[in-house]
Amino acid sequence: MTDIVLRYMQTIINAEDHTALPGSSWFSSFERMEFLTQIHSKNGIFLRCLVKVTHNHPSALQNEYDSFTINEVIESTDKESVVDATFSGPLPRLFASFKGIWWTSPTVLEKNILHLTVRGTVEDIKKARSSLNALLGSRYVVTTLTTGLNNPAVMRTLTARQSEVLSAAMRLGYYSSPRRCTQRRVADHLGLRQATVSEHLMSAESKVIHGVYND
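Using our numbering, the letters of the sequence shown correspond one by one to residues 93 to 307.
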């Protein structure tokens, strides 16, 4: 039986490029945004995600922002918060228009750079890449990777432990949208410490994203 082939696409936009996009104004209140998982999207209108934000003070969560709405504060400290948020800027709307594509980790927005990682079907990745060309022109770098646990090229880049941890995480739904399990559950399933699972997943993700094929 033929496996469904999913692709990763990583887009890097530097400060000169994304300062003109909605989101630049957020950095008067937030130093960093890390997208944890995509919850929902709607027909080219918005993306709803869980996001970890770094801020100078929790009061930043009370402000109103262009194309960024905080629906719920999940947890908050003086410096960081995890929030349920809706994004309706040009990039989120672009990806929300495709049913077969979703944002995934690592996706990080900082003042000087945006690292955006998406995963999806081969056809929708191609369409999204074409749409990015129309939106941003030549002002970005895109790396497209074909990946799957049955892809020998991917498997050869992983250690035995990385392969074991990544396989378990995928089976348990760690990379599903919405996410169906935590790193703690993966660790308990394998009889490992959570810190060990986190380390191996980060290493495996880095190899999958950066170290296989460039299209």
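No residue lacks a Cβ here, since even glycine has one placed at the ideal position from N, Cα and C. None of these values were measured; they are calculated from a predicted model.
Taking D170 as part of the alpha helix (DSSP H), name the residues at either end of that continuous run. Taken as a continuous stretch (DSSP letters only), D170 belongs to no alpha helix (DSSP H), as it is neither H nor E.
Quick one: complete beta strand (DSSP E) runs, 3+ long, within the region 129-159? 138-147
Here's a check: name, in chain order, each residue in its chain whose Cβ is nearer than 6 Å to the Cβ of P150, leaving out the five neighbours to either side. S168
What do you get for S173, buried or exposed, if any count of 16 or more other CB atoms within 10 angstroms of its CB means buried? buried
Contact defined as beta carbons within less than 8 Å: I believe T213 pairs with P198. What is the distance between those atoms, to the nearest angstrom? The pair is not a contact, with the Cβ atoms about 21 Å apart (cut-off 8 Å).
Check the DSSP bridge columns for A177 and list the partner residues they point to. C141 and I162
Excluding the five sequence neighbours on either side, which residues of its own chain have a C-beta within less than 7 Å of the C-beta of F119, listed in chain order? K203
In chain order, what residues of the same chain lie with their CB nearer than 8 Å to the CB of A220, ignoring the 5 residues before and after it? M101, L186, F187, F190, I193, V210 and G212
Residues in its own chain within less than 6 Å of R271 by CB, not counting five upstream and five downstream? T129
Tell me the rounded alpha-carbon separation between I137 and V165. 22 Å
C-alpha distance - Q286 paired with E215, whole-angstrom precision: 36 Å
Where R271 falls: helix, strand or coil (DSSP): coil
Cβ neighbours of S133 in the same chain (closer than 6 Å, five flanking residues each side left out): L139 and A188
Going by the beta-carbon positions, is the gap between S295 and Q275 smaller than 8 Å? no
Give the C-beta separation of R124 and V175 to the nearest angstrom, bearing in mind that I take them to be a contact with Cβ-Cβ under 8 Å. Not confirmed; about 13 Å, so no contact.
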